[in-house]
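Chains as they are written, first to last, in the numbering used here: chain A, 68 to 246; chain B, 1220 to 1463.
C-beta: ideal position from N, C-alpha, C; glycine also.
Source: prediction; values computed, not measured.
Taking it in order: structure first as structure tokens, then the write-up.
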């Protein structure tokens, strides 16, 4: 288990105990992820609002968090998904047809299906944890080779390959892909 | 969304990149922390909940007799409203208990007003054992403003992850019988909340006073003593009947 995993778990324990610092620690750890996911899904104008809503509702509902059923990061991504859905519903109500065009053009790369899948992927990665999560992120976000990842994480190359393949297979299943 | 739609943008030549890998690459590094203003807004919104919660309790416990770590206004929040509430009507107000038998005070608590409650009402609570039955007695210095609603007495877990309703207090003092099944080690916090007549049995999230039961000195030091009343003018029966 990596140090990072241990930290994540420590934050989750603090969260469950409602330690006064737990919210800030969780925000420091996952605020960037939540905000980044929100940026892709709702764009820059609303991403801050979504991030705020996620952490406020997570903290208020923290009694419903069960460390046994999900890591805190995965739980927060799940809440992010719901707050994003809320935001999109609000937008739909407020902005009828005319507003659609520039909005879509702005974020042409990100369809609703894309951002939904992206949320699923990150939720699953938070669930799986390290080192699998870091391996996948280093491979596909930072575009490192498997050998570079092995060196960076000080893991055997075979382990990196196995983790990569298994995690990709899991994500493929998650997204409903048959291939 | 259907499968075809989801994969419409993928090449059909079999060399299609993994959808997951492709999305991860396209999204890039997500770790883009929002500006500091967002964190300030989160804190402000949580403080705006208007009721204090376990953080202040913990704070008070820590600061008892020790150097207080004052962070005014921070983290004053209450999870009670959002908590997975265990709600069961466990208490029945003891009415006309008759002549008092031998009482042992098994636990007591100082109730302090919560800073955000808009009230400066303190009080005390004690659990007495009478003939093997436990009773929770609550006394407030004065009656908090209940608005259109009423005041309800609860026992909470210290982290507010669970709560048990004990009963309604309509005057400045009340006494409730506690079933043997209520574990005071698990639910040591006495909380009095303002409730609305809205039919919702859950905690309304507006706590007025709160305090944590501790083992009463009488029970520890001089067993099995007859408790000296900790409260001046403690009523022998609830004032619910007596008060207007």
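Does at least one heavy atom of the ligand COA sit under 7 Å from the Cβ of residue i?
| i | result |
| --- | --- |
| residue 1260 of chain B | As presented, the structure is devoid of all ligands, the ligand COA included, so that no description of it is given. |
At a Cβ threshold of 8 Å, is residue i touching chain A?
| i | result |
| --- | --- |
| residue 1251 of chain B | yes |
| residue 1378 of chain B | yes |
| residue 1257 of chain B | yes |
| residue 1410 of chain B | no |
| residue 1429 of chain B | no |
| residue 1323 of chain B | no |
| residue 1237 of chain B | yes |
| residue 1333 of chain B | no |
| residue 1248 of chain B | yes |
| residue 1405 of chain B | no |
| residue 1264 of chain B | yes |
| residue 1375 of chain B | no |
| residue 1260 of chain B | yes |
| residue 1421 of chain B | no |
| residue 1240 of chain B | yes |
| residue 1244 of chain B | yes |
Residue i: which of the options sits nearest, CA to CA?
| i | options | result |
| --- | --- | --- |
| residue 1425 of chain B | B/1433, B/1431, B/1432 and B/1411 | B/1411 |
| residue 1348 of chain B | B/1421, B/1339, B/1395 and B/1244 | B/1395 |
| residue 134 of chain A | A/79, A/179 and A/128 | A/79 |
| residue 29 of chain A | B/1350, B/1255, B/1258 and B/1251 | Absent from the structure is residue 29 of chain A, since the part of chain A shown begins at 68 and ends at 246. |
| residue 85 of chain A | B/1376, B/1390, B/1363 and B/1259 | B/1376 |
| residue 140 of chain A | A/156, A/151 and A/122 | A/122 |
| residue 1404 of chain B | B/1266, B/1239, B/1378 and B/1323 | B/1378 |
| residue 226 of chain A | A/195, A/237, A/213 and A/238 | A/213 |
| residue 146 of chain A | A/131, A/178, A/112 and A/223 | A/131 |
| residue 229 of chain A | A/203, A/92, A/242 and A/241 | A/203 |
| residue 126 of chain A | A/112, A/198, A/116 and A/87 | A/87 |
So what does DSSP say about residue i, is it helix, strand or coil?
| i | result |
| --- | --- |
| residue 240 of chain A | helix |
| residue 212 of chain A | coil |
| residue 1329 of chain B | strand |
| residue 1410 of chain B | strand |
| residue 154 of chain A | helix |
| residue 1373 of chain B | strand |
| residue 1365 of chain B | coil |
| residue 234 of chain A | helix |
| residue 80 of chain A | helix |
| residue 109 of chain A | helix |
| residue 1358 of chain B | strand |
| residue 187 of chain A | helix |
| residue 1262 of chain B | helix |
| residue 1433 of chain B | strand |
| residue 1397 of chain B | strand |
| residue 137 of chain A | coil |
| residue 1353 of chain B | strand |
| residue 1380 of chain B | coil |
| residue 1340 of chain B | coil |
So, does the CB of residue i fall closer than 8 Å to a CB anywhere in chain B?
| i | result |
| --- | --- |
| residue 142 of chain A | no |
| residue 84 of chain A | yes |
| residue 118 of chain A | yes |
| residue 110 of chain A | no |
| residue 188 of chain A | yes |
| residue 123 of chain A | yes |
| residue 104 of chain A | yes |
| residue 79 of chain A | no |
| residue 185 of chain A | yes |
| residue 282 of chain A | One cannot answer for residue 282 of chain A here, as it falls past the ends of chain A, which runs 68 to 246. |
| residue 235 of chain A | yes |
| residue 181 of chain A | yes |
| residue 153 of chain A | no |
For residue i and residue j, what's the separation of their Cα atoms in angstroms?
| i | j | result |
| --- | --- | --- |
| residue 1427 of chain B | residue 188 of chain A | 44 Å |
| residue 1400 of chain B | residue 191 of chain A | 41 Å |
| residue 205 of chain A | residue 234 of chain A | 13 Å |
| residue 217 of chain A | residue 101 of chain A | 28 Å |
| residue 1409 of chain B | residue 1365 of chain B | 18 Å |
| residue 153 of chain A | residue 1382 of chain B | 30 Å |
| residue 90 of chain A | residue 1416 of chain B | 33 Å |
| residue 83 of chain A | residue 1380 of chain B | 9 Å |
| residue 219 of chain A | residue 1407 of chain B | 50 Å |
| residue 1260 of chain B | residue 1350 of chain B | 53 Å |
| residue 1264 of chain B | residue 107 of chain A | 25 Å |
| residue 81 of chain A | residue 241 of chain A | 30 Å |
| residue 1249 of chain B | residue 97 of chain A | 10 Å |
Pull up the CB-CB distance for residue i and residue j, whole angstroms please, since I reckon it's below 8 Å.
| i | j | result |
| --- | --- | --- |
| residue 1358 of chain B | residue 1392 of chain B | 5 Å |
| residue 1370 of chain B | residue 1385 of chain B | About 11 Å separates the two Cβ atoms, so there is no contact after all. |
| residue 1333 of chain B | residue 1429 of chain B | 6 Å |
| residue 150 of chain A | residue 180 of chain A | That pair is no contact at about 19 Å. |
| residue 157 of chain A | residue 1257 of chain B | About 18 Å; that fails the 8 Å criterion. |
| residue 184 of chain A | residue 1238 of chain B | 7 Å |
| residue 1433 of chain B | residue 1339 of chain B | So it is not a contact: roughly 23 Å between Cβ atoms. |
| residue 1244 of chain B | residue 208 of chain A | 7 Å |
| residue 201 of chain A | residue 138 of chain A | 14 Å between Cβ atoms; not a contact. |
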